[in-house]
Amino acid sequence: MEAASSGASATQTDVPALVYRHALPVRIAHWINVVCLFILLMSGLQIFNAHPSLYIGSASDPSQRVLSMGAVREADGTPVGVTTIGDLRFRTTGVLGLSKGIDGEPENRGFPSWITIPSYRDLATGRRWHFFFAWLFVVNGLAYFIYSILSGHFRRDFVPTQTQVRHIGHDILDHLRLRFPKGEEAKHYNVLQKLAYLFVVFVLLPVTILAGLTMSPGLDAAFPFLLDIFGGRQSARTVHFICASGIVLFVFIHVLMVIVSGVWNNLRSMVTGRYRIEPAE
Amino acid sequence: MNRKSILDRRSFLTRASAIGGALYLGGCDKLSQSPSFRDLLDQAEDVTMTVQRLVLTSRSLAREFPEKAISSTFKANGSTGVDDPAYQKNASENFANWKLVVDGLVERPATLSLDDLRSLPSRTQITRHDCVEGWSAIGKWKGAQFSALLQKVGLKPNARYLMFHCADMLEPGSPYYESIDLIDAFHPQTILAYDMNDAPLSVPHGAPVRLRVERQLGYKHAKYVMRIEAVSSFAFVAGGNGGFWEDRGYEWYAGI
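Quick note, the sequences are listed as chains A and B, same order.
Under the working numbering, the residues of the first sequence are numbered 1 to 281, in order.
Under the working numbering, the residues of the second sequence are numbered 1 to 256, in order.
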């Protein structure tokens, strides 16, 4: 946060300068999130593997299946991994449906062992990891929300300015060319960054959590409207999976942007808070 | 910075993330098997149970569905039969001579026939069964209200849990068992089901009676119930965790 603050006024000079970009609570929340999201994703895939199919509605009606993974035998007896999305069938041997287990033997499993926690099949332990880190993630997220509202982080750093909105087309082109802002402009999140963060923080993550909670038979009894929001428990499971995929996509682009816009500078700013501003040309 | 140093940094980053990834995965497997780390992870169950019990009143009901929502196929999971000869004899007689034992910390221990159970106040409910594996199926259940059974036998003041001893064995020498506390035992939707989808409970689904405890996952819904025992603690039964799957790492409180 404090994207626009700090004493270093590099803008009028042509030498790089460090500005204070991320406040301590934001940095702590960020790294706790990194740990939580990795573990939640990988333990989540372990849980998914216990029944690697997704459905629409309340129950797992085969006619309402939208995705499934599994191994089938070819005519000559060779096992192959098959992933079905709607009416489309894909051969995904080696990755989805059929992949090598930790003993090196091919086994019938949704996601491969290198992306699940534990790597071997163990639903009970996957659930233990998932729920522990889900609580940590929720508590961390709540602390971040409260801090960001009280400190003005959301208002100051997340809401795009009118100028930014007007130049969004220009910004998209710049991103595609991997050209990133310098000078005064680099002190703030750019408009695409702001929109991405707004979407992730206010839509993607909360919907993921709500859809996850809707899979709980206990919470469904306490808050039956959860079932109506998502259209049933199995729909909620599907939404949870799609949102998790969305988070993976966000993290992928986020890390890519971190790398191409200056990996050390970005890492330093998320560790020490200090971000180097390159002088404007 | 020159081109070489960029490449060095890049290959450093690639290598570092590959090594980090391998350590991370191997580390997670090691941690998964460390008793003290598992104890830490298990703390989440207490938090979940405390929070769910705060938001659930004794009147919060699991959703009930219309007849048309009943699943055309309902997977029978876990045991789908019982090897025990005494059970098989009972099954061949349609459980006419079968008796349910209710004992432990109760004022009036009882042995009840299927007809005795059918004469207790009943409840019929069309509910969603959620397997811990992730799938759900909707079925119609009719059974004796568990609270009525408890009133019939009378709990002693030190009774804290109801244990369900079952006829099936998923592993040799380990009979299936389960336990619930008094909050779930007295919940209106908690029943000893003898009918499923308007027919007597079939053997794959747990004949002659199975527990329905609708606000928890499927493995709590013990099938082939032979004996119900009121206890003050389940710490000294089998693995000490209150259930067959609980002894194998699953949560005793299966509300999520």
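From the three backbone atoms N, C-alpha and C, an ideal C-beta is built for every residue, glycine too.
Top-ranked residue by Cα proximity to residue i, from the options
i: Ala257/B; options: Asn90/B, Ser122/B, Ala76/B and Ser113/B; result: This structure cannot settle anything about residue 257/B, because the visible part of chain B is limited to 1 through 256.
i: Ala124/A; options: Glu214/B, Glu171/B and Cys131/B; result: Cys131/B
i: Gly255/B; options: Ala235/B, Gly218/B, Phe37/B and Ala69/B; result: Gly218/B
i: Met196/B; options: Leu211/B, Thr48/B, Ala110/B and Ala185/B; result: Leu211/B
i: Tyr250/B; options: Glu214/B, Glu178/B, Ile183/B and Ser34/B; result: Glu178/B
i: Cys28/B; options: Thr92/A, Ser113/A and Asn108/A; result: Ser113/A
i: Phe230/A; options: Val255/A, Val251/A and Gly57/A; result: Gly57/A
i: Arg227/B; options: Gln216/B, Glu214/B, Pro208/B and Ala235/B; result: Pro208/B
i: Pro172/B; options: Gln125/B, Asp84/B, Gly104/B and Ile70/B; result: Asp84/B
i: Gly152/A; options: Val19/A, Leu18/A and Val26/A; result: Val26/A
i: Leu24/A; options: Ala280/A, Pro160/A and Tyr144/A; result: Tyr144/A
i: Gln193/A; options: Ile172/A, Glu184/A and Phe48/A; result: Ile172/A
i: Gly70/A; options: Ser63/A, Gly94/A and Asp76/A; result: Gly94/A
i: His167/A; options: Asn190/A, Val255/A and Leu18/A; result: Asn190/A
i: Asp103/B; options: Gly134/B, Ser92/B and Leu150/B; result: Leu150/B
i: Ser119/A; options: Arg276/A, Met257/A, Ile47/A and Val251/A; result: Ile47/A
i: Lys68/B; options: Arg65/A, Asp61/A, Arg73/A and Val255/A; result: Asp61/A
i: Tyr87/B; options: Cys166/B, Phe186/B, Trp252/B and Phe244/B; result: Cys166/B
i: Ser71/B; options: Lys140/B, Thr111/B and Asp115/B; result: Lys140/B
Simplified DSSP state of residue i, which is helix, strand or coil
i: Trp245/B; result: coil
i: Lys75/B; result: coil
i: Met226/B; result: strand
i: Asp76/A; result: coil
i: Lys30/B; result: helix
i: Glu67/B; result: helix
i: Gly161/A; result: Sequence check: residue 161/A is Thr here, not Gly. Note: Thr161/A maps to coil in three-state DSSP.
i: Ala17/A; result: strand
i: Met215/A; result: coil
i: Ser294/A; result: The structure shown does not extend to residue 294/A, since chain A is modelled only from 1 through 281, so no value can be given for it.
i: Asn90/B; result: helix
i: Gly44/A; result: helix
i: Val209/B; result: coil
i: Phe236/B; result: coil
i: Glu185/A; result: helix
i: Thr83/A; result: strand
i: Ser269/A; result: helix
i: Asp122/A; result: coil
i: Phe164/B; result: strand
i: Ile172/A; result: helix
i: Val55/B; result: helix
i: Ser53/A; result: strand
i: Asp181/B; result: strand
i: Ser261/A; result: coil
i: Gly152/A; result: coil
Residue i - partner residues in DSSP beta bridges
i: Met169/B; result: Pro175/B
i: His129/B; result: Ala137/B
i: Leu200/B; result: Looking at the sequence shown, residue 200/B is not Leu but Pro. According to DSSP, which records beta bridges pairwise, Pro200/B is partnered with Asp195/B.
i: Val101/B; result: Thr111/B and Arg227/B
i: Ala144/B; result: Ser122/B and Leu192/B
i: Tyr275/A; result: Val19/A
i: Ile229/A; result: In DSSP, Ile229/A forms no bridge with anything.
i: Phe223/A; result: Answer is none; Phe223/A lacks a bridge partner.
i: Tyr253/B; result: DSSP lists no partner for Tyr253/B.
i: Lys156/B; result: According to DSSP, Lys156/B bridges with nothing at all.
i: Ala16/B; result: Looking at the DSSP assignment, Ala16/B forms no beta bridge with any residue, so it has no partner.
i: Gly70/A; result: Val82/A
i: Pro106/A; result: Lys100/A
i: Arg91/A; result: Val82/A
i: Val106/B; result: Leu155/B
Closer than 7 Å: residue i CB and nearest the ligand SAM heavy atom
i: Ser233/B; result: Of ligands this structure carries none, so the ligand SAM is not represented either.
Under 7 Å (Cβ pairs) to chain A, residues found in the stretch 17 to 35 of chain B: Leu25, Cys28, Asp29 and Ser32
With 8 Å as the limit, tell me which residues of the stretch 125 to 151 of chain B have their beta carbon closer than that to any beta carbon of chain A; keep them in chain order. Arg128, Asp130, Cys131, Val132, Glu133, Gly134, Trp135, Ser136, Ala137 and Ile138
Beta carbons nearer than 8 Å to chain B: which residues of the stretch 113 to 146 of chain A have them? Trp114, Ile117, Pro118, Ser119, Tyr120, Asp122, Leu123, Ala124, Thr125, Arg127, Arg128, Trp129, Phe131, Phe132, Ala134 and Trp135
Using a beta-carbon distance cut-off of less than 9 Å, what residues from the stretch 210 to 241 of chain A approach chain B? Gly212, Leu213, Met215, Ser216, Pro217, Gly218, Leu219, Asp220, Ala221, Ala222, Phe223, Pro224, Leu227, Gly232, Arg233, Gln234 and Arg237
Counting pairs of Cβ atoms below 8 Å between the stretch 53 to 60 of chain B and the stretch 214 to 225 of chain A, do you hit three or more? yes
Closer than 8 Å is the cut-off here; do at least three beta carbon pairs connect the stretch 190 to 207 of chain B with the stretch 135 to 150 of chain B? yes
State whether the stretch 101 to 108 of chain A contacts the stretch 124 to 144 of chain A, with contact taken as three or more CB pairs (one from each stretch) at a distance under 8 Å. no
For the stretch 209 to 229 of chain B, which residues have a beta carbon sitting closer than 8 Å to at least one beta carbon of chain A? Glu214, Arg215, Gln216 and Leu217
Would you call the stretch 155 to 163 of chain B in contact with the stretch 180 to 189 of chain B, where contact means no fewer than 3 C-beta pairs closer than 8 Å? yes
Report the residues of the stretch 59 to 75 of chain A with a CB closer than 7 Å to any CB of chain B, ordered along the chain. Ala59, Ser60 and Asp61
Quick check: the stretch 194 to 202 of chain A against the stretch 225 to 240 of chain A, are at least 3 beta-carbon pairs closer than 8 Å? no
What are the residues in the stretch 40 to 53 of chain A lying within 8 Å of chain B by C-beta distance? Met42, Ile47, Phe48, Ala50, His51 and Ser53
Stretch pair the stretch 227 to 242 of chain B + the stretch 237 to 253 of chain A: three plus CB contacts closer than 8 Å: no
Is there contact between the stretch 128 to 136 of chain A and the stretch 44 to 53 of chain B, where contact requires at least three CB pairs shorter than 8 Å? yes
Identify each residue in the stretch 177 to 205 of chain B for which the Cβ-Cβ distance to at least one residue of chain A is less than 8 Å, and report them in chain order. none
On the three-pair Cβ rule with 8 Å, is the stretch 36 to 52 of chain A touching the stretch 247 to 254 of chain A? yes
Under 9 Å, CB to CB, which of the residues in the stretch 103 to 117 of chain B have a partner in chain A? none
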